[in-house]
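Read through the structure below, which is laid out as structure tokens, and then see the notes.
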Amino acid sequence: MRLDWSTLSPAELLAEAEGFQHDNDDGSDCYFDPSEAQWSLQVIDPASVDAFESDEAAKTWISEEIAALRKDGMDSRAALYESMILDGFEDPVIIGACNGRRAIWDGWHRTAIAMVRCELLLAILGD
16 MRLDWSTLSP
26 AELLAEAEGF
36 QHDNDDGSDC
46 YFDPSEAQWS
56 LQVIDPASVD
66 AFESDEAAKT
76 WISEEIAALR
86 KDGMDSRAAL
96 YESMILDGFE
106 DPVIIGACNG
116 RRAIWDGWHR
126 TAIAMVRCEL
136 LLAILGD
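Numbering (our numbering), first residue to last: 16 to 142.
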């Protein structure tokens, strides 16, 4: 059964974010205490996220990630990303926003794939 993300309350979105606060923490203000933010589900342009300089950079990065996974014997994970490139995906990324910046807490691969597919990105956004 597929989760309908649009039905989640701000408290439920907060709970999702709490699990990823430190996964990609670069020490910036965008990795704040999740309980101090307002969380909402939004559709955003993946280029608005502080991640990849261009669609081409995202394509190069995800291709290198897939190649590294295959080299390391992680074929099922590589195949997952390849299928997401072909078919898309449904789960949102989690983003902390501050000072005009949007930093990924969870979802680097999905952000790159959205850019490769020239699609908008579903995001749980905290600011």
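Backbone N, C-alpha and C define an ideal beta-carbon position, used for all residues, glycine too.
Completely contained alpha helix (DSSP H) runs for the region 50–114, where each covers 4 or more residues: Look at the region 50–114 and you find these whole runs of alpha helix (DSSP H), each 4 residues long or longer: 70–86, 90–102.
Pair every Cβ in the region 30–50 with every Cβ in the region 89–101, then say whether three or more of these pairs are closer than 8 angstroms. The region 30–50, when compared against the region 89–101, does not touch it at the 8 angstroms Cβ threshold.
Leaving out the 5 sequence neighbours to the left and right, which residues in its chain are closer than 8 angstroms to I9 when beta-carbon positions are compared? The requested residue 9 is not part of the displayed model; the chain covers only 16 to 142.
Can you name the start and end residues of the alpha helix (DSSP H) that L29 belongs to? Here the alpha helix (DSSP H) through L29 covers 25–33.
Just how far apart, CA to CA, sit I119 and D40? Spanning the two alpha carbons is a distance of roughly 9 angstroms.
For A73 and E134, what's the separation of their Cα atoms in angstroms? Looking at the two C-alpha atoms, the distance is approximately 13 angstroms.
Expressed to the nearest angstrom, what Euclidean distance is found between the alpha-carbon atoms of R117 and S98? Cα-Cα distance, rounded: 26 angstroms.
Report all residues from its chain with a CB closer than 6 angstroms to the CB of D70; omit the five preceding and five following residues, and keep chain order. Closer than 6 angstroms at the Cβ level, and outside the excluded window around D70, lie M130.
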